[in-house]
Amino acid sequence: MSDTFPLVIDGQTVQARQGETVLQAADRAGIQIPTFCNDPRLTPSGACRMCLVEVQGQRRLQPSCAWKAEPGQVVTTASERIEKHRAVLLSMYLADHSQDEAGQAADIATGNKLRAYTVDRDDLLPLAPVHSPRVGRADDNPYIAFDPDRCILCARCTRYCDEVEGVSAIQLVERGGHTTIGTAGMVGLLATSCELCGGCIATCPTGALFEKKADPAPDPDETIVRSTCNFCGVGCQVDLRVRDGRIAAVEAPPPGTTVNDGNLCVKGRFAYDFVHHDERLRSPLIRQADGSFRQATWPEALERVASGLKKIRDRDGGDALGFISSSRCTGEENYLMQKLARAAFGTNNCHQCAAT
Amino acid sequence: MTNSIPEIRDADFLFVIGSNTTEAHPIIAMEMKRAVYRGATLVVADPRAIWLTEVADLHLQLHPGTDVWLLNAMAHVIIEEDLVDHAFIEAHVEGFDAVAAAVADYTPEQAEQVTGIPADHIRRVARQYATTERAGIYYTLGITEHTHGTDNVYALANLVLMTGHLGKPSAGMNPLRGQNNVQGANDAGASPVFYPGYQRVTDDDARQRFEAAWGVPLSPFPGTTLPAMMEGVKHGTVKGLYVMGEDILLSEPNCRDLEEAMNRLEFMVVQDIFFNETCRFADVVLPAACFAEKDGVFTNSDRRVQRVRKAVEPPGDARADWEILCDVARGVGYPMPHYAHPREVYAEMAALCDKFAGIRHERIDQDPRGLQWPCPTADHPGTPTLHVDGPMRGKALMTPVTYRPSAELPDVEYPLILSTGRTLYHYNCATQTRRERHAPLTQPENFLQIHPWDARRLGVAHGDRIEVRSRRGAVRARAQVTKDVRKGCVWMPLHFAEARANLLTNEAGDAVTGTAEYKVCAVAVARVDQDGDEAVAAR
């Protein structure tokens, strides 16, 4: 059996892999199907109905996120019928969503797909706002907040918590119009199995889950710098969101693109205050005769370092010195530290801090 | 790691020993949980009930420091029931017979006496491990931070080799690196015995290679390890220290002795991002840039070289460590090149190391997944799984090990065994994580986990202030009474500068690595009264 097979999407012949859904096959072929509830890390749930497509031979529209691609299948992802469906669906979502003065879905820094899908449409129905009885819960956890008025109940967050983070701390609670994202007994997250990874925030398509620490308003001057987390040895890739020369938030790159597959932990996502902390060392310090430190210039400090180390080397040899390198620093810096010990001081007394 | 992090989710059997993965490596724990969700069997061997045990099929709650008994007994079962991979051993392994002889006496029944794990469980785990194709071993400092840490690692390697779980996807031997760039620091030669790329300083060819590249004669004598260096400080043979990015006074065991020795140092430079405990003894303190303020690479647990990129400016006059090191070298008369960017430093190193020869910043910048070494040429795709074509050294060597007790066992005066470790919310000395503005909400102060049975005997209630004493020092903490720890065992995190766990720990080290026995030392616990001054005599 071949690994791939052809099907036709929007008149284009597309190669699908065994087991792939229509949405996945289309995505790889560059055909974007709008969706709220799909996350490549999760089992498809077909909950949001945004990705419905026409499948030849099927009477009803089918959710492309859950519909398995089959050889020879003919799929249409954009048609008058589909657009009519989406207009009605989006109109209902919008009526039950917090809106700005212009009647648009809230604009938030981390993105609101509902706004993206509705802002340029002129075929939405003028539905009266729905004030659903959905509630949030009092929660003193320091990082993760929930705005029930921005929630579309796609359950990406609860499925992420079940299937990826594996702690099942949050769940859909209540019934009907009262349905909301909660916890057992509606206790705060600190009282649950929650590891505060914040993955629910990252997967939320409408910004209903958001960071308490970061400013939710968008900033057009924000820049994003891809880097590697500086905590444990997993090597998660992070996108540092920089505003006014400061780290404003830390996010994971999209799922499927890096070693951490879109995930981060509580430290990687939230523990960045140290970078801009008041107690950071800002200038070299030199010990004075009375034992106290004074601030010094770099030339002064470097001269003191050179003379202090040279004196011992010249009198007792390089082996009377020890060079402690750091598994917290970069590879290049470790290279330079051992080169300093070996080439400049003639000793192999160089070891990195994690040796013990 | 012989294998890669993305392979974990496809494993069918995971043996996690001496790793509190959820708290120390949360993203790897997520991958493990995804494997479990898929139907994989997870076995956790740990003296404590940890978060991962909640989703484990079996928790082997062994007595601290008895790992060799458990692992040798598993080997015993695998050999006794002939579950070994004969073809793999024939082709790729030497030393099997010696190991078979060594484990002959390690019956599961006797192991039960020593480890406290039911013999049936040992048999079951051994069988499952040996007969599952995609079976991976994952471990970290619970294995290595013992006076017999090297023995523990050999015992694990023996299991991997006798079952042929090497060079296959989702299997292998996977130490999870504790810090962002432990792997990279070793790779770059921050070691007393290795130049960059694991080339021995005692190897004439290697030395000549580096002498030619650096333009100076180099010492042919191995240097001292960090623990030996600390001993040298105590004995006065090490007179000067250059410390970059470590708070040795918080991190090293038995830190009170070391603190006294620090005063005898003639000269010390500390280069860090905060004024840490060690700075108090420094002659010069140099302000460094943190990871977000400089360029370079980190190498993670699965040998993946990834970029660190400058996002913001360092505060005040702080500078990147690499720039400072170059200036210091030139200040003492060594003509360090004027590198314009760390990519030039990396290129210099890679050109001297076959393992990384094909890696450059420019290549990593093209691939968000980084590059995993070995990567010998510019067109080599990197190596996710090691030893695929048989062990890299030719034949893998099995090393028989026998059980040796931990250096300090409990007695009448110090009746409890203390282990130390990391928690989810903090990272090592916590100079970074405790400066997170919400840290006090999640974990405000040091605590000691103690079994209800011991707590009751000592008159300690949950939330009481207690004092923990060892032969080396004493610290105060809050009692957390929990059945997560075994009777007779207590556990404390290492994150709290004002109540340093390392005042208690034993600096006795592994004979090979010198790594200290952070996981086992003998302590006594007593309640202290509300104003915290007077210890209440414990019966």
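Which chain is which? The protein sequence lines are A and B, in order.
Note that this note's numbering has the first sequence beginning at 3, numbered continuously upward.
Note that this note's numbering has the second sequence beginning at 375, numbered continuously upward.
Each residue gets a CB set at the ideal place from its N, CA and C atoms; glycine is no exception.
Can you find the residues in the same chain that come closer than 8 Å, C-beta to C-beta, to B/E405, ignoring five residues on each side of it along the sequence?
Result list for B/E405: I379, P380, I382 and R383, in chain order.
Which partner residues of B/M642 appear in the DSSP bridge assignment?
DSSP output for B/M642 lists B/L615 as bridge partner(s).
By Cβ distance, which residues of its chain are closer than 8 Å to B/V910, with the 5 residues on each side in sequence left out?
Because the pLDDT at B/V910 is just 40, under 50, the model does not fix this residue reliably, and the value given afterwards should be weighed accordingly. A distance below 8 Å between beta-carbons, with the five flanking residues on each side excluded, links B/V910 to the following residues of its chain, in chain order: G833, A900, R901, V902 and D903.
Here's a check: name, in chain order, each residue in its chain whose Cβ is nearer than 8 Å to the Cβ of A/W300, leaving out the five neighbours to either side.
Result list for A/W300: P286, in chain order.
Can you list, in chain order, the residues of its chain with a C-beta nearer than 6 Å to that of A/L127? Leave out the 5 residues immediately preceding and following it.
Excluding sequence neighbours, A/L127 sits near S93.
Counting only Cβ-Cβ distances shorter than 8 Å, please list the residues of the stretch 610 to 630 of chain B near chain A, keeping chain order.
Listed in sequence order: T611, V612, K613, G614, L615, Y616, V617, M618, G619, E620, I622, S625, E626 and P627.
Is there a Cβ of chain A sitting closer than 8 Å to that of B/R678, yes or no?
Answer yes: the Cβ-Cβ gap between B/R678 and chain A drops below 8 Å somewhere.
Beta carbon of B/R681 nearer than 8 Å to that of A/S229:
A/S229 sits close to B/R681, with the two beta carbons spaced by under 8 Å.
For a test of the three-state rule: what should DSSP assign to B/P594, helix, strand or coil?
Reduced to three states, the DSSP call for B/P594 is coil.
From the DSSP output, read off the bridge partner residues of B/K861.
As far as DSSP is concerned, B/K861 takes part in no beta bridge.
Taking just the CA atoms, how far does B/I738 sit from B/A635?
Distance between the alpha carbons of B/A635 and B/I738 is about 44 Å.
Exposed or buried, A/F272, counting other C-beta atoms within 10 Å across all chains shown (16 or more means buried)?
A/F272 comes out buried.
Could you give the residue range of the alpha helix (DSSP H) that holds B/P826?
Unbroken alpha helix (DSSP H) run through B/P826: P826 to L832.
Taking C-beta pairs closer than 9 Å, name the residues in chain B that A/K269 reaches, listed in chain order.
What A/K269 touches in chain B: P400, L798, Y799, H800, Y801, Q806, T807 and E810.
Helix, strand or coil at A/L174 [DSSP, three-state]:
A/L174: strand per DSSP, three-state reduction.
Quick check on the burial criterion: 16 or more other C-beta atoms within 10 angstroms. Buried or exposed for B/F655?
Buried is the call here.
Taking 8 Å as the threshold (beta carbon to beta carbon), is A/F212 in contact with chain B?
Taking Cβ atoms only, chain B never reaches closer than 8 Å to A/F212, which makes this a no.
According to DSSP, residues forming a beta bridge with A/R23
First, the amino acid is wrong: residue 23 of chain A is Thr here, not Arg. Answer by DSSP bridge pairing, in chain order: A/K70.
For a quick check, are the C-beta atoms of B/D386 and B/R508 less than 8 Å apart?
Contact annotation: B/D386 and B/R508 have beta-carbon atoms nearer than 8 Å.
Going along chain A, which residues have a C-beta under 9 Å from B/G690?
Residues of chain A passing the Cβ test: R282, L283, R284 and S285.
Give the single residue among B/Q502, B/R574, B/P400 and B/H712 whose Cα lies nearest to the Cα of B/L726.
Of the candidates B/Q502, B/R574, B/P400 and B/H712, the one whose C-alpha sits nearest the C-alpha of B/L726 is B/R574.
Evaluate contact between the stretch 317 to 333 of chain A and the stretch 611 to 628 of chain B, counting only Cβ atoms and requiring at least three cross-stretch pairs below 8 Å.
Enough Cβ pairs lie closer than 8 Å, so yes.
Determine, using beta carbons only, whether A/A273 comes closer than 8 Å to chain B.
At least one CB atom of chain B sits nearer than 8 Å to the CB of A/A273.
For a minimum of 3 consecutive residues, which ranges assigned as the beta strand (DSSP E) are wholly contained in the stretch 690 to 763 of chain B?
The qualifying runs do not exist here; there are none.
Given a threshold of 16 other Cβ atoms within 10 Å of its Cβ, counted over all protein chains shown, does A/A308 qualify as buried or as exposed?
Buried, by the Cβ-count rule.
Give the single residue among A/G235, A/I146, A/G178 and A/Q297 whose Cα lies nearest to the Cα of B/A692.
Checked all of A/G235, A/I146, A/G178 and A/Q297; the closest Cα to B/A692 is A/Q297.
Looking at the strands, I want to know which residues DSSP matches up with B/I453.
Paired residue(s): none; B/I453 is not in a bridge.
Contacts that A/R306 makes with chain B (C-beta to C-beta distance below 8 Å)
Residues of chain B passing the Cβ test: D657 and V658.
Using the beta-carbon of each residue, which ones in chain B are nearer than 8 Å to A/A303?
Result: V658 and L660.
What is the residue span of the beta strand (DSSP E) that B/F387 lies within?
Start and end: F387 to I391.
Taking A/D408 as the query, report the chain B residues whose CB atoms sit under 8 Å from its CB, ordered along the chain.
With chain A covering 3 to 358 only, the question about residue 408 of chain A has no answer from this structure.
Comparing C-alpha positions only, which one of B/D657, B/I511, B/L790 and B/I463 sits nearest to B/D828?
Selected option, being the one with the closest Cα: B/L790.
Alpha carbon to alpha carbon, how far is B/W443 from B/A476?
Each residue's alpha carbon lies about 11 Å from the other.
CB of A/A140 to nearest heavy atom of the ligand GDP: below 7 Å?
The ligand GDP is absent from the structure shown, which contains no ligand whatsoever.
Measuring CB atoms only, is the stretch 870 to 879 of chain B touching the stretch 844 to 853 of chain B, in the sense that at least three cross pairs come out at less than 8 Å?
Touching, per the Cβ criterion.
Option nearest A/F325 by Cα separation, candidates A/N351, A/E305, A/R315 and A/D316
That would be A/N351, whose Cα lies nearest to the Cα of A/F325.
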